[in-house]
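**Student:** I'd like to ask you about the structure that follows.
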Amino acid sequence: EALRLRALEALTKTRSDDPTWRFRVLAEITRLRQAACNARLVTTEGEAPPSAKLAALVELIDELREGDHKALIFSQFVRHLELVREHLDSRQIPYQYLDGGSSPTERKKAVKDFQSGKGDVFLISLRAGGTGLTLTAADYVIHLDPWWNPAVEDQASDRAHRMGQRRPVTIYRMVAQHTIEERIVALHQRKRDLAASLLEGADGQKLSAEELLDLLSA
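Here it is as structure tokens:
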């Protein structure tokens, strides 16, 4: 909430016709999205409050492991995945990992190992996992944070919905209540095309200045 109020104060002091204004709004929105995932993503001084989303994820992973299920876990923020990775390491939970910086060799090995049973979960950055992966060993998909374009999330979820999948696939989308994440999910329902074009450089319509600020409003 402190970050939101600070962002609104800074943005209302500048003119929306300033050529840098839109980039500043998007930067503030990104910070709020990261804070909704884990305060450690935006805190540089002192101790960050614990992440309720991480706690909920850990509880869910424990339940899935008890039921002999495997899960794909997606986030658009690589640093967020790294924090989850730290926690899995501390609890000695086996996993595979893939982000945009992974080499083709690392990518191939991680997929092969997961498919052969090495790892209870597979941590994947959303962009790295959108296409070209078949991960039918998983029957659960967990999205840690909502993306602007829900079609990208759907593409990622399809990694488990591939030929050879013999079990129903359950998809979880984790959304922090009373945060900007709820507004993004609402945006999916109201203006899917605008959400898709916002950060992907499309030539179509863009969100207006008022709509961007509305994402930051109470």
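Those letters in the sequence shown? Residues 38 to 255, per my numbering, in order.
For every residue, glycine included, the Cβ atom is placed at its ideal position computed from N, Cα and C.
If you're wondering where the values come from, they're calculated on a predicted model, not measured in any experiment.
(1) CB-CB under 8 Å to Leu120, same chain, minus the five flanking residues each way: which ones, in chain order?
(2) Count the other CB atoms within 10 Å of the CB of Arg196; is the residue buried (16 or more) or exposed (fewer)?
(3) Would you kindly report the start and end of the unbroken alpha helix (DSSP H) that includes His117?
(4) What span of residues does the alpha helix (DSSP H) with Gln214 cover, start to end?
(5) Return the Cβ separation of Tyr132 and Leu97 in integer angstroms, given the expectation that the two are a contact with Cβ distance under 8 Å.
(6) Taking the beta carbon of Gly137 as the centre, do at least 16 other beta carbons fall within 10 Å, making it buried, or is it exposed?
(7) If I'm right that Val158 touches Ala108 with Cβ under 8 Å, what's the distance once you round it to whole angstroms?
(8) Express the C-alpha separation of Thr173 and Asp150 in angstroms, rounding to a whole number.
(9) By a C-beta neighbour count over all protein chains shown, 10 Å radius and 16 as the cutoff for buried, is Arg70 buried or exposed?
(10) Count the other CB atoms, across all protein chains shown, that sit within 10 Å of the CB of Gln113; report buried if there are 16 or more and exposed otherwise.
(11) Which whole runs of the alpha helix (DSSP H) in the segment 53-92 are 4 residues long or more, in chain order?
(12) Note down, in chain order, each residue of its chain lying with its Cβ closer than 7 Å to the Cβ of Arg116, except the 5 sequence neighbours on either side.
(13) Hey, could you find the ends of the beta strand (DSSP E) Ala108 is sitting in?
(14) If we count the other Cβ atoms within 10 Å of its Cβ and call it buried at 16 or more, is Gly156 buried or exposed?
(15) Could you check whether Ile66 and Leu181 sit closer than 7 Å to each other, using their CB atoms as the reference points?
(16) Between Glu218 and Ala73, how many whole angstroms is the CB-CB distance? I'm expecting something under 8 Å.
(17) Hey, Phe111 and Ala193: beta-carbon distance below 7 Å or not?
**Tutor:** The structure says:
(1) Asn75, Arg77, Leu78, Ser88, Leu91.
(2) With 16 or more other Cβ atoms within 10 Å, it is buried.
(3) For His117, the uninterrupted alpha helix (DSSP H) run begins and ends at 115-127, by DSSP.
(4) Note, Gln214: premise wrong, no alpha helix (DSSP H); not H, not E.
(5) Not really, about 14 Å apart at Cβ, beyond 8 Å.
(6) Label assigned to Gly137: exposed.
(7) Your pair Val158 and Ala108 checks out as a contact, with CB atoms roughly 5 Å apart and the cut at 8 Å.
(8) Put simply, the backbone Cα of Asp150 is about 12 Å away from that of Thr173.
(9) Buried is the call here.
(10) By the neighbour-count rule (16 or more Cβ atoms within 10 Å), Gln113 is buried.
(11) Fully enclosed alpha helix (DSSP H) runs of 4 or longer: 58-74.
(12) Cβ contact annotation for Arg116 (same chain, cutoff 7 Å, sequence separation greater than five): Leu78, in chain order.
(13) For Ala108, the enclosing beta strand (DSSP E) covers residues 108-112.
(14) Buried.
(15) Remark: C-beta atoms of Leu181 and Ile66 do not approach each other more closely than 7 Å.
(16) With a Cβ gap of about 5 Å, Glu218 and Ala73 count as contacting.
(17) One thing to note: Phe111 has its Cβ within 7 Å of the Cβ of Ala193.
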